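Q:
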């Protein structure tokens, strides 16, 4: 349908260049419809110089000479009155790159309205605040974000002011934010803090977000009080401690709630390695005034000549309370580091995370897989240390200490523990569900190095862990985004700043310096990098990034594909080179001219391409098979008999997703191959890096302090976007935040496991 006869077209267009390196550039164009609705909309403009559009999005782009036309996409043809749409492109230029100045919407010049042009309505600009209700833990912090609704013509200052209410609640950072014509759409955080107090009231306070000429927004902050509302308990900072031989180590103890009188807490060494003793803090006294102040217990390990990392339990106890056991492990300095092996998974057993194991075992039938090795995800700075997700949550050192205990119980069989390094600035720049805490524009790269990678490397380098084989899974979905998603502002910022490449190179350098750490870099999956336009450029980028590391390509032990994804390991019922009724399988809608239809063939081929790029011929690949089994009653058992190409492929494929671009909490998925070493040529191991049962993202928006946004690809009612062919998302309903336990998903994965759970 065309614009109705007699419709009054009035519009305003904003052109914002996003990047420019002299020969290439990219820009976003915002179209504001100030007149009657148009359907479909069509924008035209003329380049003032020698510019050429190479790739455009959110519309169908064409260019003739210097004249550019953008036609509305089929899924979003209408542009209603008062509505705006943002389109964008990447292009090439020779000579001066002058911005276009005149745009027309459906043939009418966009000058803001009928002559004389009125100023844009103030209602077009607004403050966007998310969320407007924040829970702040007592003694901790929480955040909300602020951005502008549309691009301003000049800098805009936004202030946050505390109103009446609980004065323990304060704004500690972000009270004055500046938005420019280039960063207006980038959310900036305001941090609220709740001071520790002794009352038992969940106080609240209103914070007003305001800017001159705009409607202010109120944020209600509520203190999550930890006094009086909890039962009494012992709070111990770590339940696993490594004590260096000839040295000391500590943990702390406090009470969970205010006592009515003095409380005595004892720390008693049990049976085990008698070289480990409690040297101070064997008896602690807590009063009504100091109950929430952690007191330190010091453990010592006597020097000896054996090569055994002995352990001893330390029981923290108080009359009437549940005791807590701290496992102390001697960091023996007589053990010789065995160095790296060709395949860290060969001849080794995998570390079993007791937290995931307990969650799995709590589900019906889950005990059958509860002892499977899964990875530890360090998805924010706080996750490195104990208590990041509550008083009893485990940090990196806790998991490594437990791995040492599992290693000791294994006898001569080594233990491999997998740790996901996942906190780059502008992380997951093309998605929202797993957005991280660090931003490029907020000193993110420096913080990534000093506050994230350095502490991780320091812990892993502890001699107590020298017998472990530590596999570092380096930065999921990072470098592939720089190949395929530069049309997105956050990805373009990551590319232009060098944050992804420099961050990955820094991580490779620091971790490779530890002799028992093995770096495996994430390499996307076949449904992302399988096309020629992505396949070679990705290998090139991986090579140039590794070259930035101290040690170069030698710092990379291998690569991993399908991390936290659902791509089938093998498609048994058709091949990519086959035909149906004279039509190539590659031309089907599902394959879409990709050269790969499953993960094993992609991983093996990509390994060869990486070797051509200069990586060692000994590099191995990992494939995450945690959720790509696709078993159950809907799994095809034979090729389809249909002579229609698309019907044949859809009815033959074991990957039951609606589209290969769907990635969030996929309905119908099942557990895949169980972890094992050397399963196929060039493959070091099948692994479970994504712990089955942990959500990919929430199906509705959930306010949180973990830096995780809401991505519509996790919404089962979403109709999709251009990256998944505008297909439904295929996501499960009622999903929690990414990384949180999703019982319904785990049960479905267990029921649909392939090979089936015996």
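In UniProt numbering, the protein residues as written are 1 to 758. Even for Gly, the Cβ is constructed at its ideal location relative to N, Cα and C. Remember, it's a predicted structure, so these values are computed and weren't measured experimentally.
1) Would you check if the distance between the CB atom of residue 272 and the CB atom of residue 310 is smaller than 8 Å?
2) Just to confirm, is the Cβ distance from residue 705 to residue 143 under 8 Å?
3) In whole angstroms, give me the CA-to-CA distance for residue 399 and residue 353.
4) Quick one: which unbroken alpha helix (DSSP H) runs of 4-plus residues sit fully inside the region 285-348? Chain order, please.
5) Residue 407 by DSSP, collapsed to three states: which one?
6) Distance, Cα to Cα, residue 103 vs residue 723?
7) First and last residue of the beta strand (DSSP E) that includes residue 254?
8) Is residue 451 helix, strand or coil by DSSP?
9) On the DSSP bridge assignment, give the partners of residue 130 in chain order.
10) Work out the CA separation of residue 487 and residue 26 for me, nearest whole Å.
11) Do residue 501 and residue 548 count as a contact pair if the criterion is CB distance below 8 Å?
12) Mind checking which residues open and close the alpha helix (DSSP H) that includes residue 533?
13) Less than 7 Å between C-beta atoms, sequence neighbours within five positions excluded: which residues of the same chain meet that for residue 275?
14) Assuming residue 668 and residue 754 form a contact by the criterion Cβ under 8 Å, report the distance between their Cβ atoms to the nearest whole angstrom.
15) Give me, in chain order, the residues of the same chain whose beta-carbon lies closer than 6 Å to that of residue 563; leave out the 5 immediate sequence neighbours on both sides.
16) What are the uninterrupted segments assigned as alpha helix (DSSP H) that are 4 or more residues long and contained completely in the region 485-537, given in chain order?
17) Quick check: the region 451-471 against the region 370-387, are at least 3 beta-carbon pairs closer than 8 Å?
18) Taking the alpha-carbon positions, what's the residue 162 to residue 535 distance?
19) Where does residue 663 land, buried or exposed, given buried means 16+ other C-beta within 10 angstroms?
20) If you draw a straight line from the alpha carbon of residue 608 to that of residue 94, how long is it in whole angstroms?
21) Measuring alpha carbon to alpha carbon, tell me which residue in 180, 312, 516 and 260 is nearest residue 243.
22) DSSP on residue 674, reduced to helix/strand/coil?
23) By Cβ distance below 6 Å, which residues in the same chain neighbour residue 590 in space, the five residues on each side in sequence not counted?
24) By the 10 Å Cβ neighbour count, where 16 or more other Cβ atoms means buried, how is residue 307 classified, buried or exposed?
25) Could you say if the region 573-586 and the region 506-518 meet the contact criterion of at least three C-beta pairs nearer than 8 Å?
26) Residue 66 bridges to which residues according to DSSP?
27) Going residue by residue through the region 594-629, where are the continuous alpha helix (DSSP H) segments of at least 4 residues, counting only ones entirely within it?
28) Who are residue 20's beta bridge partners in DSSP?
29) I believe residue 111 touches residue 15 by the beta-carbon criterion, under 8 Å. Please report the beta-carbon distance rounded to the nearest angstrom.
30) Would the region 128-144 count as touching the region 171-191 if we require 3 or more Cβ pairs under 8 Å?
31) Please report the distance separating the alpha-carbon of residue 385 from that of residue 255.
32) Given a threshold of 16 other Cβ atoms within 10 Å of its Cβ, counted over all protein chains shown, does residue 107 qualify as buried or as exposed?
33) Nearest to residue 135 by CA position, among 617, 628 and 222, is which residue?
34) Could you give the first and the last residue of the continuous alpha helix (DSSP H) run that contains residue 700?
35) Threshold first: 3 residues or longer. Then list the beta strand (DSSP E) segments lying entirely within the region 170-244, N to C.
36) Could you spell out the range, first to last residue, of the alpha helix (DSSP H) harbouring residue 355?
A: Result, derived from the coordinates:
1) For residue 272 and residue 310, yes; Cβs fall inside 8 Å.
2) The Cβ-Cβ distance between residue 705 and residue 143 falls below 8 Å.
3) It is roughly 7 Å from the alpha-carbon of residue 399 to the alpha-carbon of residue 353.
4) Listed in chain order, the alpha helix (DSSP H) runs fully inside the region 285-348 amount to none, counting runs of at least 4 residues.
5) In the displayed model, residue 407 falls within a helix according to three-state DSSP.
6) Cα-Cα distance, rounded: 28 Å.
7) For residue 254, the enclosing beta strand (DSSP E) begins and ends at 248-255.
8) In the structure shown, residue 451 sits in a helix (DSSP, three-state: H, G or I).
9) Residue 130 pairs with 145.
10) If you take the alpha carbons of residue 26 and residue 487, they lie about 8 Å apart.
11) Taking 8 Å as the cut-off, the beta carbon of residue 548 is found closer than this to the beta carbon of residue 501.
12) Note, residue 533: alpha helix (DSSP H), 532-547.
13) Result list for residue 275: 301, 302, 304, 310 and 330, in chain order.
14) Actually they do not touch by this definition, with Cβ atoms about 12 Å apart.
15) Counting only Cβ-Cβ distances below 6 Å, and skipping sequence neighbours, we find 476, 522, 624 and 689.
16) Fully enclosed alpha helix (DSSP H) runs of 4 or longer: 489-497, 499-512 and 526-529.
17) The region 370-387, when compared against the region 451-471, does touch it at the 8 Å Cβ threshold.
18) Rounded to whole angstroms, residue 162 to residue 535 spans 52 Å at the Cα level.
19) With 16 or more other Cβ atoms from the protein chains shown falling within 10 Å of its own Cβ, residue 663 counts as buried.
20) The C-alpha of residue 608 lies about 37 Å from the C-alpha of residue 94.
21) Residue 312 is the option with its Cα nearest to residue 243.
22) Assignment of residue 674 by DSSP, reduced to helix, strand and coil, places it in the coil class.
23) Cβ within range, chain order: 649.
24) With fewer than 16 Cβ atoms within 10 Å of its Cβ, residue 307 is classed as exposed.
25) At 8 Å Cβ cutoff, the stretches do not touch.
26) In the DSSP output, where bridge partners are listed per residue, residue 66 has none listed.
27) Along the region 594-629, the alpha helix (DSSP H) occurs as fully enclosed runs of 4 or more residues at 599-612, listed in sequence order.
28) Paired residue(s): 25.
29) At roughly 14 Å, the Cβ-Cβ gap does not stay under 8 Å, so residue 111 and residue 15 are not in contact.
30) When C-beta atoms of the region 128-144 are compared with those of the region 171-191, three or more pairs fall below 8 Å, so the two segments count as touching.
31) Computed Cα separation, rounded: 20 Å.
32) Counting Cβ neighbours within 10 Å, residue 107 comes out exposed, since fewer than 16 surround it.
33) Among 617, 628 and 222, the Cα nearest to that of residue 135 belongs to 222.
34) Taken as a continuous stretch (DSSP letters only), residue 700 belongs to no alpha helix (DSSP H), as it is neither H nor E.
35) Within the region 170-244, the runs of beta strand (DSSP E) at least 3 residues long that lie entirely inside it are, in chain order, 176-179, 188-194, 204-210, 217-224, 234-236 and 240-244.
36) That run of the alpha helix (DSSP H) goes 354-361.
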